[in-house]
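Novice: Please find one structure pasted underneath; my questions will follow.
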Amino acid sequence: MAEQKRHMDVPQERFLESPLPKTPCSQLESNQKVYVMANVRTHKGITPQFGERTWVDDSAVVIGDVQMGEDCSVWPMTVIRGDMHKIRIGDRCSIQDGSVLHITHASDYNPGGWPLILGDDVTVGHKALLHGCTIGSRVLVGMGCTVMDGAVVEDEVIIGAGTLVPPGKRLESGYLYVGSPCKQARALSDKEKTFFKYTAANYVKLKDEYLNPSE
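Residue numbers for the sequence shown follow full-length UniProt numbering, beginning at 1 and rising by one.
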């Protein structure tokens, strides 16, 4: 495993340092179990890091202080930009096509800034925007959602497609939220709660097909 060069907020053994930018998968060492294509970029001396078996499409861009866990997937045309604060993403998260993940920089207006934090088993639907927010584990962020600065999404939440979560809003665990701005629609059923791990596992399986297209 590559030597870690700076303090991290998660166990260091979970992460492998990414290959240099523009290094195709075919040229990685045979024992390197991180599957990152091009467009992984160092910013201010910090290079994104990825857990084992994580896959990044070669049209996606990952920049700077970004750490992703194991078995994650980053799909075409996604941007994950940790250039002015940190981004931390847990295990088995899928960031789907065209999504934008960014942070809020520290300033006189907001001295601490806002990092972007995702737990485990988070599914981020196509063209979602996550900006300086905190999202728990087992969460479904619907297609085209916007989750703004300082918002907190607790574990086991579904955010319906096209929903706007305003700055500083907290979404309570166990509910569906919809609308712009979002409103609590109803409690989740037991069946819906089983869907979180199902969809996370489904995207793990799908990215494995991209990693091993001949199988």
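Quick reminder that beta carbons are idealized off the backbone N, C-alpha and C, glycines included.
None of the values given here were measured: they were computed from a predicted structure.
Do you know offhand how far C93's Cα is from S107's?
Specialist: As a first step, residue 93 is located in the sequence shown; it is residue number 93 there, counting from the start. As a first step, residue 107 is located in the sequence shown; it is residue number 107 there, counting from the start. C-alpha separation (whole angstroms): 30 Å.
Novice: In the DSSP assignment, the beta strand (DSSP E) including T199 goes from what residue to what residue?
Specialist: Here residue 199 is taken as the residue at index 199 of the sequence shown, counted from 1. Premise fails: T199 lies in the alpha helix (DSSP H), 190 to 211, not in any beta strand (DSSP E).
Novice: Is S214 helix, strand or coil by DSSP?
Specialist: Mapped onto the sequence shown, residue 214 falls at position 214. In this structure, S214 counts as coil in the three-state DSSP scheme.
Novice: Exposed or buried, R88, counting other C-beta atoms within 10 Å across all chains shown (16 or more means buried)?
Specialist: Numbered from 1 along the sequence shown, position 88 holds the residue referred to as residue 88. Label assigned to R88: buried.
Novice: Taking 7 Å as the cut-off, decide whether the C-beta atoms of G90 and L118 are in contact.
Specialist: Taking the sequence shown and counting its residues from 1, the one referred to as residue 90 is at position 90. Taking the sequence shown and counting its residues from 1, the one referred to as residue 118 is at position 118. Result yes, Cβ atoms of G90 and L118 sit closer than 7 Å.
Novice: Which partner residues does G64 have in the DSSP bridge list?
Specialist: Translated into positions along the sequence shown, residue 64 becomes position 64. Partner(s): G82.
Novice: Out of T134, D57, S214, state which residue places its alpha-carbon closest to the alpha-carbon of G113.
Specialist: Residue mapping note: residue 113 aligns to position 113 of the sequence shown, counting from 1. That would be T134, whose Cα lies nearest to the Cα of G113.
Novice: Looking only at its own chain, which residues have a Cβ that is under 7 Å from the Cβ of V100, when we skip the five neighbours before and after it?
Specialist: Within the sequence shown, the letter at position 100 stands for residue 100. Once the five neighbours on either side are set aside, the close Cβ partners of V100 are V79, L129.
Novice: Going by C-alpha distance, which of H126, D97, G136, V66 is nearest K86?
Specialist: Looking up residue 86 in the sequence shown gives position 86. The candidate whose alpha carbon is nearest that of K86 is V66.
Novice: Have a look at H43, E192, T104 and flag the residue whose alpha-carbon is nearest the alpha-carbon of D149.
Specialist: By one-based count along the sequence shown, residue 149 stands at place 149. The candidate whose alpha carbon is nearest that of D149 is T104.
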